[in-house]
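One line per chain: the protein sequences are R and E, in this order. For the first sequence, our numbering begins at 14 and goes up steadily by one. For the second sequence, our numbering begins at 70 and goes up steadily by one. C-beta atoms are modelled at their ideal positions from N, C-alpha and C, and glycine is treated no differently. Remember, it's a predicted structure, so these values are computed and weren't measured experimentally. Written below as structure tokens is the structure these notes are about.
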Amino acid sequence: MAQDVLAIAEQTNGVFRKVTYEVLSESRRIADSLDCDLTALVMGSNMENVSKELGQYGADNIIVAENPALYEHVADAYTNVIADFVIKEAPAVVVIGATTHGKDVSARLAARLNAPLAMDCVAIRFDEKGLIASRQMYGGKVLTDVLLEGSPQIIALRPNAMAIANVERASSIEKVDVNVGKTNVQFIEKRLDTTKVELTEADSIVTGGRGMGGADFSLIEALAKLLDGAVGASRSAVDEGWRPSSDQVGQTGKVVSPNLYIACGVSGAIQHLAGMSSSKVIVAINKDPDAPIFSKADYGIEGDLFEILPLIIEEVKKIKGEN
Amino acid sequence: MEIIVLLKQVPATESLIRIDDDGASIKTDDIKWVVNPYDEFAVEEALRIKEAHGGSVTIVSVGPEKASEAIRTALAMGADKGVLITDPGVSDFDSLIVSRILAGALKEIPFDLIIAGHRSVDKDNSQVGPATAELLNIPHISMVIKQDITDSKIRCHKTVEGGTVVLEMSLPALITTQRGLNEPRYASLPGIMKAKKKPIDVKTIMDSGFDGDPIGESMVKTIVMKPPRERKDGIMIKGDSNLAKAAELVRILHEEAKVL
Ligand SMILES: Cc1cc2nc3c(=O)[nH]c(=O)nc-3n(C[C@H](O)[C@H](O)[C@H](O)COP(=O)(O)OP(=O)(O)OC[C@H]3O[C@@H](n4cnc5c(N)ncnc54)[C@H](O)[C@@H]3O)c2cc1C
Ligand SMILES: Nc1ncnc2c1ncn2[C@@H]1O[C@H](COP(=O)(O)O)[C@@H](O)[C@H]1O
Chain R
14 MAQDVLAIAE QTNGVFRKVT YEVLSESRRI ADSLDCDLTA LVMGSNMENV
64 SKELGQYGAD NIIVAENPAL YEHVADAYTN VIADFVIKEA PAVVVIGATT
114 HGKDVSARLA ARLNAPLAMD CVAIRFDEKG LIASRQMYGG KVLTDVLLEG
164 SPQIIALRPN AMAIANVERA SSIEKVDVNV GKTNVQFIEK RLDTTKVELT
214 EADSIVTGGR GMGGADFSLI EALAKLLDGA VGASRSAVDE GWRPSSDQVG
264 QTGKVVSPNL YIACGVSGAI QHLAGMSSSK VIVAINKDPD APIFSKADYG
314 IEGDLFEILP LIIEEVKKIK GEN
Chain E
70 MEIIVLLKQV PATESLIRID DDGASIKTDD IKWVVNPYDE FAVEEALRIK
120 EAHGGSVTIV SVGPEKASEA IRTALAMGAD KGVLITDPGV SDFDSLIVSR
170 ILAGALKEIP FDLIIAGHRS VDKDNSQVGP ATAELLNIPH ISMVIKQDIT
220 DSKIRCHKTV EGGTVVLEMS LPALITTQRG LNEPRYASLP GIMKAKKKPI
270 DVKTIMDSGF DGDPIGESMV KTIVMKPPRE RKDGIMIKGD SNLAKAAELV
320 RILHEEAKVL
């Protein structure tokens, strides 16, 4: 696969994360531009069966690296396996999701291979210079296009930023045993709430700020649930103890890019905007007509969120009922 | 416990960021510079570990001479000493070069634990911590919200998508910080006075322990910087009643924006 594109799949508990399909889809577009093959590398334990489906997202070859030590995300084990694979196969481009785990692995991989890495990219294009990656800087105040000189070019994609495309390929699948090498980080335990939609992967996010006035987020939760979305919070809402810090969106919280972001009782401080400005459609509900959030929103409603949210919920129910 | 904090000076988030005439850098004249917020968590955690286990806290930064102000802030919070590695071209270095410079310097400074921020809020790269650990051939755990050190091992809770994971590694090691780890203290007035007498060792790259010669070119090249996509003037939804406004919003989201 020398000079091909290598896409790194990510799984949790044996199930692919959504970003895996985004990584595959974008890798397919890159492989088409470069006129080369796309290989997907799956790492984990007992992944062979589920891995076949990656052929539907454009993989020409699927390599399943099996090892029980890869069931959990331990950055050094993953870095060892990917680095060995890259050295052996010499892909031109390596694409990975910029998840918590993907960021760790890509940063170590770039250092080990002395290769260029564009982190948290929101768009990829080609021009006469070659592959150009766009990424946000300064909390979303600047969009920077970077060129990667060196090999392989490592690209970590921001979750939710790239479109998923179904491109059926007659792909081959190969299971390989791998040596995870020396790992210095030991997995102890994990606590995942699988009932909760992850903010960074959610299509819709409904966020409550200090305007919620208290820990009762039931209106926000009801709308989020109706939209199959996630609940977000401003830092003030977290500081008040109304929400856990894992809900915080912003400069010192999560950076999200859902299709729909609904900010309720959030003033729109620059540190909040830093976390959600790459959302596709932004809606703000605020009783202060001069709240800065309105200047960053696509649609705004001036009014009391406690009066407006129940009405929105009813209207959305009507639409959902129709479909 | 010898603790190193990797600290970067960054523009305060309130600063207006203007793109320079070259189209590939930002204007720096009227920016207010501060300690990267994630690195404040790092300084605070280092001080707490020192308070519990003894030892010292050394701040290491790669930056322009002005970055000594940020180091001084950390010294005023209670850190013991600072090292500034400075170079005129520093703002053009990519993350891997910065990591190589840091790793070079840290080969000369004994340490048990390195604490870095999860990301710098200017480059937003989340790279320098793990890359520096890789170059030093030590393990790392990122996005830590809780840590315990016993018998030269560090056990950390880190946030991941959908929850938390507990991991453990032997020292020497590197961790990166995340909000939730602690609330950074403010520098007290006596702290500020004391910080004036604390040493900051200012070095050039070549006398900082850097063994790559030459530094090498950045492999990640900025071609152009652009302002983000403007949202076409936000539409305020009009209506005679809240019900009319809510219905109109939902109609637009469904029929026009097609996000419902
Ligand atoms: C280093 C640093 C990092 C930070 N990181 C983050 C971060 O990651 N995320 C973050 O969010 N913030 C962050 N902040 C804090 C940020 O500066 C703001 O203080 C915070 O975002 C404000 O939260 P808020 O909008 O909920 O509250 P406020 O600014 O108090 O706004 C509340 C809004 O609710 C409206 N309101 C009140 N009642 C109602 C009602 N009944 N109906 C409708 N509207 C109503 C008000 O008009 C007001 O606009 C950070 C700050 C610093 C210094
Ligand atoms: N120039 C630098 N000097 C010292 N530490 C740095 C520097 N750049 C980045 N770091 C550290 O690495 C972390 C992540 O930065 P970044 O990879 O740029 O997002 C920061 O929070 C700092 O702890």
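query, result
"Name, in chain order, the residues that DSSP records as bridge partners for R:Ser147.", "R:Ala136, R:Asp158"
"So which residues put a beta carbon under 5 Å from any heavy atom of ligand 1, going in chain order?", "R:Gly222, R:Arg223, R:Gly224, R:Ser247, R:Arg248, R:Ser249, R:Gly263, R:Gln264, R:Thr265, R:Gly266, R:Gly278, R:Val279, R:Ser280, R:Ala282, R:Gln284, R:His285, R:Asn299, R:Lys300, R:Asp301, R:Ala304, R:Asp317, R:Leu318, E:Pro106"
"Excluding five sequence neighbours on each side, which residues of the same chain lie with their C-beta closer than 8 Å to the C-beta of E:Ile72?", "Ala115, Ile118, Lys119, Gly124, Ser125, Val126, Thr127, Phe180, Asp181, Leu182, Ile183, Ile184"
"Using the three-state DSSP reduction, which class does R:Asp45 fall into: helix, strand or coil?", "helix"
"Put R:Asn74 into one of helix, strand or coil per three-state DSSP.", "strand"
"Tell me which same chain residues have a C-beta within less than 6 Å of the C-beta of E:Gln78, skipping the five on either side of it?", "Trp102, Gly132, Ala136, Ala139"
"Just to check my reading of the structure: E:Ile306 and R:Asp311 have Cβ atoms closer than 8 Å, yes? What is that Cβ distance to the nearest angstrom?", "E:Ile306 to R:Asp311, Cβ: 11 Å. No contact."
"What are the partner residues of R:Trp255, as DSSP defines its beta bridges?", "According to DSSP, R:Trp255 bridges with nothing at all."
"Report the rounded CA-to-CA distance for E:His323 versus E:Ser189, giving the unit in angstroms.", "37 Å"
"Can you tell me whether DSSP reads R:Gln261 as helix, strand or coil?", "strand"
"Could you check which residue in E:Ser94, E:Ser130, E:Arg141 has the C-alpha nearest to that of E:Ser257?", "E:Arg141"
"I'd like to confirm something about E:Arg141: is its beta-carbon nearer than 7 Å to some heavy atom of ligand 2, or not?", "no"
"Here's the rule: buried if 16 or more other CB atoms are within 10 angstroms of the residue's CB, otherwise exposed. What is R:Phe139?", "exposed"
"What I want to know is whether the C-beta of E:Val129 ends up closer than 7 Å to one or more non-hydrogen atoms of ligand 2.", "yes"
"Just to make sure I have the definition right: I need the residues of chain R whose C-beta is within less than 9 Å of the C-beta of E:Glu237. Which are they?", "Val198, Gln199, Phe200, Ile201"
"Among R:Val244, R:Ala78, R:Ala111, R:Thr213, which has the Cα closest to the Cα of R:Ser6?", "Summary: the structure shown does not reach residue 6 of chain R, with chain R confined to residues 14 through 336, and so no result is reported for it."
"Please list the terminal residues of the continuous beta strand (DSSP E) segment that includes E:Thr80.", "It is Pro, not Thr, that sits at residue 80 of chain E in the sequence shown. From DSSP, the beta strand (DSSP E) with E:Pro80 extends over 78-80."
"Short of 6 Å in beta carbon distance, which residues of its chain neighbour R:Asp158, apart from the five on each side in sequence? Order them along the chain.", "Ile145, Ser147"
"Straight-line CA distance for R:Ser151 to E:Ser195?", "Rather than Ser, the amino acid found at residue 151 of chain R in this sequence is Tyr. Those two C-alpha atoms are separated by around 13 Å."
"Alpha carbon to alpha carbon, how far is R:Lys330 from E:Ser164? Give it in angstroms, no decimals.", "48 Å"
"Just the C-alpha distance for R:Ala44 and R:Ala136, rounded to the nearest angstrom, thanks.", "15 Å"
"Would you list the residues sitting across from R:Arg204 in a DSSP beta bridge?", "E:Thr233"
"Suppose contacts are defined by Cβ-Cβ distances below 8 Å. Is E:Asp277 in contact with E:Gly173 by that definition?", "First, the amino acid is wrong: residue 277 of chain E is Ser here, not Asp. The answer is yes: Cβ separation under 8 Å."
"Starting from E:Ile170, find everything on chain R with Cβ-Cβ shorter than 8 Å and list it in chain order.", "The contacting residues do not exist; E:Ile170 stays about 13 Å from chain R at best."
"Name the residues in the stretch 250-268 of chain R whose C-beta lies less than 7 Å from a C-beta of chain E; which are they?", "Ser258, Ser259, Gln261, Gln264, Thr265, Gly266"
"List the endpoints of the continuous alpha helix (DSSP H) containing R:Asn62.", "61-64"
"Does the distance between the C-beta of E:Gly186 and the nearest non-hydrogen atom of ligand 2 fall short of 7 Å?", "yes"
"What distance in whole Å lies between the Cβ atoms of E:Val289 and R:Leu130, which are believed to be in contact at a cut-off of 8 Å?", "7 Å"
"Which two residues bound the contiguous beta strand (DSSP E) that contains E:Met212?", "209-219"
"With 8 Å set as the bound, which would you pick, yes or no: does the beta-carbon of R:Tyr312 sit closer than that to a beta-carbon of chain E?", "yes"
"For a test of your reading of the model: does the CB of E:Lys96 fall under 7 Å from any non-hydrogen atom of ligand 2? Yes or no.", "no"
"Identify every run of the alpha helix (DSSP H) within the stretch 82-135 of chain E, keeping only runs that are complete inside it and at least 4 residues long; order them along the chain.", "106-122"
"Can a CB atom of chain E be found closer than 8 Å to the CB of R:Ile332?", "yes"
"Does DSSP classify E:Met330 as helix, strand or coil?", "There is no way to answer for residue 330 of chain E, as the model of chain E reaches only from 70 to 329."
"Taking C-alpha atoms, which residue in R:Ala276, R:Lys154, R:Val18 lies nearest to R:Ala304?", "R:Ala276"
"At 7 Å on the CB atoms, spell out the chain E contacts of R:Ser280, in chain order.", "By Cβ distance, chain E contributes nothing, its closest Cβ being about 14 Å from R:Ser280, past 7 Å."
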